[in-house]
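Numbering (this note's numbering), first residue to last: 936 to 1464.
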């Protein structure tokens, strides 16, 4: 990760003018509720899709219907749509003193079309994060203005940052590290639950935006905040944290830096490897890390094996959740479009070919993206579960990750005998699915195709089972028999010795125990503790 020149400082008096600006936002209804009221849900969807025409139309229509919305519409025009405004119009909106402050902070600049008018050089949008109202300061959204994001571009709230917010717990904690903080979005996610936050970035403009974003946050009971400039983990050398969050520049590409917010300077997935290894080194005992990352799936090394190899041999348990896996062509095309390049342009086509050639030389057959959750567990051997989770989720992922760590912590403390001597309960909402398809052999009726249990909450995990395991699971009760007793009862009824070896070499007892471990790990059944 290389440093770049600071293209804005947002002024030295941000501590004064940012709260004053936020007070104006609140007074004029330029907050999340006010924006939804102004635009409505369908136009809000177009806003998130980056379609300014529909937003502009809706603003004009609402203003005709209700002239009292004028100031709210002006904020949308200025800070989202990027419209130019006459100086007297801006003074009426901000007041003379605040207008002078934001001009000094380089937020307002002369319009290229009409130098006598001004336009905002940055984007400030309201967002609800962890149940609180915030405003995020960032560079202008490239989808709303005609420009190609430069090397120093600082993103606002996007799909990646939202997915990390969704996966990161907001339970009370001590020291938090927001690595590669960008405009400060993950810092806001920890604002109400952390005692201390250290936000770092290699990019001075990002730190300026992050400071402004945090100054706009509620200051009552605010955490202690330290904003530091530096590459990767250098600003926190020798320090430990209770929680680490990171949305690093993890684009899988050649080792060049075209855009600081997405390019790391590492080859292929080296950035994700660097963040995983650094996070493991900087976690306090029982500390947890929540990271966004990307990795390659190659002909010689499956992605699960590749990511697991980045973990230390001792001291961590990790859950790597692959949410998407795409082919090289789709991946490159997506990021070429992210640059705002016209795919028909010869330069864009040349860049695409070079990128794909680099993937081919490395044997890349797919690129995965997802969440890496890590917990420090002392000196015990490391445990890594890497699995696909492509299904949609209506519930936040953070509570599931927290519960996952609790479940594997319990499993880690068990012996083969204690697993059998424990009592369990079925998870509320666990469904039994008995799927039958037409019997093609007989030409009539149905024939069972699969029998499975499926969670109807969270990740909706699904396990295929057989009748024997179904019967045993059905006998579990938190105040009833132990698993050992349920298994023995089933074995007696069916005339089976649960400890006898099958031709494959395992016993029924061992098979049931392994299945129960898998069910506990995915939260299908829960131990009574």
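Glycine included, each C-beta is placed from N, C-alpha and C at the ideal position. Everything numeric in this text was worked out from a predicted model, so none of it was measured.
Task: residue 1445 in three-state terms, based on DSSP - done: What you label residue 1445 is simply residue 510 of the chain shown in a count that begins at 1. Residue 1445: helix per DSSP, three-state reduction.
- [ ] Please confirm whether any heavy atom of the ligand PLP lies closer than 7 Å to the CB of residue 1448.
- [x] Ligands are entirely absent from the displayed structure, and the ligand PLP is therefore not among its contents.
TODO: Could you pull the start and end residues of the alpha helix (DSSP H) that residue 1427 belongs to?
DONE: The sequence position of residue 1427 within the chain shown is 492, counting from 1. It spans 1418-1429 - the alpha helix (DSSP H) in which residue 1427 sits, taken as one unbroken run.
Task: Endpoints, beta strand (DSSP E) assigned at residue 1284 - done: As a working mapping, residue 1284 is identified with position 349 in the chain shown. Careful: residue 1284 lies outside any beta strand (DSSP E), inside the alpha helix (DSSP H) at 1281-1296.
Task: Span separating the alpha-carbon of residue 1259 from that of residue 1029 - done: As a first step, residue 1259 is located in the chain shown; it is residue number 324 there, counting from the start. As a first step, residue 1029 is located in the chain shown; it is residue number 94 there, counting from the start. Distance between the alpha carbons of residue 1259 and residue 1029: 44 Å.
Task: Continuous beta strand (DSSP E) stretch holding residue 1250: start and end - done: Translated into the one-based positions of the chain shown, residue 1250 becomes position 315. Segment 1249-1261, the beta strand (DSSP E) holding residue 1250.
Open item on the list: Let me check one thing: in DSSP terms, what residues is residue 1062 bridge-paired to?
Closed with: Counting from one through the chain shown, the residue named residue 1062 turns up at place 127. Answer by DSSP bridge pairing, in chain order: 1069.
TODO: Provide the residue span of the alpha helix (DSSP H) that contains residue 1048, from first to last.
DONE: In the chain shown, the residue the question calls residue 1048 occupies position 113. Counting along the chain, residue 1048 falls outside any alpha helix (DSSP H), and DSSP gives it neither H nor E.
Task: Cutoff 6 Å; reference residue 1223; Cβ partners in own chain excluding five residues on either side - done: Position 288 of the chain shown holds residue 1223. Cβ within range, chain order: 1178 and 1310.
Open item on the list: Strictly by DSSP, which residues pair up with residue 1367?
Closed with: In the chain shown, residue 1367 corresponds to position 432, counting from 1. Bridge partners of residue 1367: 1388.
Open item on the list: If I measure Cβ to Cβ from residue 1271 and keep anything under 7 Å in the same chain, skipping five residues before and after, which residues do I get?
Closed with: Your numbering for residue 1271 matches position 336 in the chain shown. 1278, 1283, 1286 and 1287.
Task: residue 999 classed as buried or exposed, judged by whether at least 16 other C-beta atoms fall within 10 angstroms - done: Within the chain shown, residue 999 is the residue found at index 64, counting from 1. Its Cβ having fewer than 16 others within 10 Å, residue 999 is exposed.
Task: Continuous alpha helix (DSSP H) stretch holding residue 1215: start and end - done: Within the chain shown, numbered from 1, the residue matching residue 1215 stands at position 280. Per DSSP, residue 1215 belongs to the alpha helix (DSSP H) from 1205-1217.
Open item on the list: On the criterion of 16 or more Cβ atoms from any shown chain inside 10 Å, does residue 1426 qualify as buried, or is it exposed?
Closed with: As a working mapping, residue 1426 is identified with position 491 in the chain shown. So residue 1426 ends up on the buried side.
Task: Sequence ranges, alpha helix (DSSP H) only - wholly within the region 959-1007, length at least 4 - done: 967-984 and 987-1000
TODO: Measure the C-alpha to C-alpha separation of residue 1079 and residue 1370 and round it to an integer number of angstroms.
DONE: The residue you call residue 1079 lines up with position 144 of the chain shown. The residue you call residue 1370 lines up with position 435 of the chain shown. Answer to the nearest angstrom: the Cα atoms are 48 Å apart.
- [ ] Assign residue 1118 to buried or exposed, taking buried as 16 or more other Cβ atoms, counted over all protein chains shown, within 10 Å of its Cβ.
- [x] Taking the first residue of the chain shown as position 1, residue 1118 is located at position 183. Counting Cβ neighbours within 10 Å, residue 1118 comes out buried, since at least 16 surround it.
Task: Identified DSSP bridge partners for residue 1055 - done: Within the chain shown, residue 1055 is the residue found at index 120, counting from 1. 1043, per the DSSP bridge assignment.
Task: Alpha carbon of residue 1194 to alpha carbon of residue 974, nearest angstrom - done: Here residue 1194 corresponds to residue number 259 of the chain shown, with the count starting at 1. Here residue 974 corresponds to residue number 39 of the chain shown, with the count starting at 1. Legend: pLDDT at residue 1194 = 47, less than 50; position of this residue unreliable, value from coordinates given subsequently. Their Cα atoms are separated by approximately 32 Å.
Task: Cutoff 8 Å; reference residue 1455; Cβ partners in own chain excluding five residues on either side - done: Taking the chain shown and counting its residues from 1, the one referred to as residue 1455 is at position 520. 1342, 1345, 1346, 1359, 1461 and 1462, listed in sequence order.
Task: Assumed close pair residue 967, residue 1057 - CB separation to whole angstroms, cut-off 8 Å - done: The residue you call residue 967 lines up with position 32 of the chain shown. The residue you call residue 1057 lines up with position 122 of the chain shown. Contact flag wrong, Cβ pair sits at about 19 Å.
- [ ] Compare the C-beta of residue 1358 against all C-beta atoms of chain B and say whether one is closer than 8 Å.
- [x] Reference to chain B is not applicable here, since this structure consists of a single protein chain.
TODO: Using the DSSP secondary-structure output, state which residues sit across from residue 1230 in a beta bridge.
DONE: As a position in the chain shown, residue 1230 is number 295, starting the count at 1. Residue 1230 pairs with 1303.
Task: 6 Å Cβ shell around residue 1410 - same chain, five flanking residues per side excluded - done: As a working note, residue 1410 is residue 475 in the chain shown. 1421.
Open item on the list: Suppose you measure from the CA of residue 1189 to the CA of residue 1120; what does that come to, to the nearest Å?
Closed with: Start at 1 with the first residue of the chain shown, and residue 1189 comes out as number 254. Start at 1 with the first residue of the chain shown, and residue 1120 comes out as number 185. Answer to the nearest angstrom: the Cα atoms are 27 Å apart.
Open item on the list: Let's see if you can read the secondary structure: which residues bound the alpha helix (DSSP H) around residue 1343?
Closed with: Position 408 of the chain shown, counted from the first residue, corresponds to residue 1343. 1333-1347 is the extent of the alpha helix (DSSP H) around residue 1343.
TODO: Leaving aside the five residues before and after residue 1209 along the sequence, list all residues of the same chain whose C-beta is less than 7 Å from its C-beta, in chain order.
DONE: Position 274 of the chain shown, counted from the first residue, corresponds to residue 1209. Excluding positions up to five away in sequence, the list reads 1167 and 1201.
- [ ] Would you kindly work out how many angstroms separate the C-alpha atoms of residue 1459 and residue 1390, rounded to a whole number?
- [x] In the chain shown, the residue the question calls residue 1459 occupies position 524. In the chain shown, the residue the question calls residue 1390 occupies position 455. Distance between the alpha carbons of residue 1459 and residue 1390: 7 Å.
Open item on the list: Taking the alpha-carbon of residue 1313 as reference, which of 1350, 1364, 1218 and 1305 has the nearest alpha-carbon?
Closed with: Taking the chain shown and counting its residues from 1, one reaches residue 1313 at position 378. That would be 1218, whose Cα lies nearest to the Cα of residue 1313.
Task: Residue of 1438, 1130 and 1450 minimising C-alpha distance to residue 1399 - done: If you number the chain shown from 1, residue 1399 lands on position 464. It is 1450.
Task: Sheet register partners of residue 1136 (DSSP bridge) - done: The residue you call residue 1136 lines up with position 201 of the chain shown. Answer is 1164.
- [ ] Return the residue from the list 1048, 1334 and 1229 that minimises the CA-CA distance to residue 1017.
- [x] Position 82 of the chain shown, counting from 1, holds the residue named residue 1017. It is 1048 whose Cα lies nearest to the Cα of residue 1017.
Open item on the list: On the criterion of 16 or more Cβ atoms from any shown chain inside 10 Å, does residue 1045 qualify as buried, or is it exposed?
Closed with: Counting from 1 along the chain shown, the entry for residue 1045 is found at position 110. The residue is exposed, with fewer than 16 neighbouring Cβ atoms inside 10 Å.
Task: For residue 1229 and residue 881, the rounded distance between their alpha carbons - done: Given that the chain is displayed from residue 936 to residue 1464, the structure contains no residue 881 and the question cannot be resolved.
TODO: Note the first and the last residue of the continuous alpha helix (DSSP H) segment covering residue 1122.
DONE: To locate residue 1122, count along the chain shown from 1; it is residue 187. That run of the alpha helix (DSSP H) goes 1120-1124.
Task: Beta-carbon proximity list for residue 1092, same chain, < 6 Å, skipping 5 on both sides - done: Taking the first residue of the chain shown as 1, we reach residue 1092 at position 157. The answer, listed in chain order, is 1062, 1071 and 1120.
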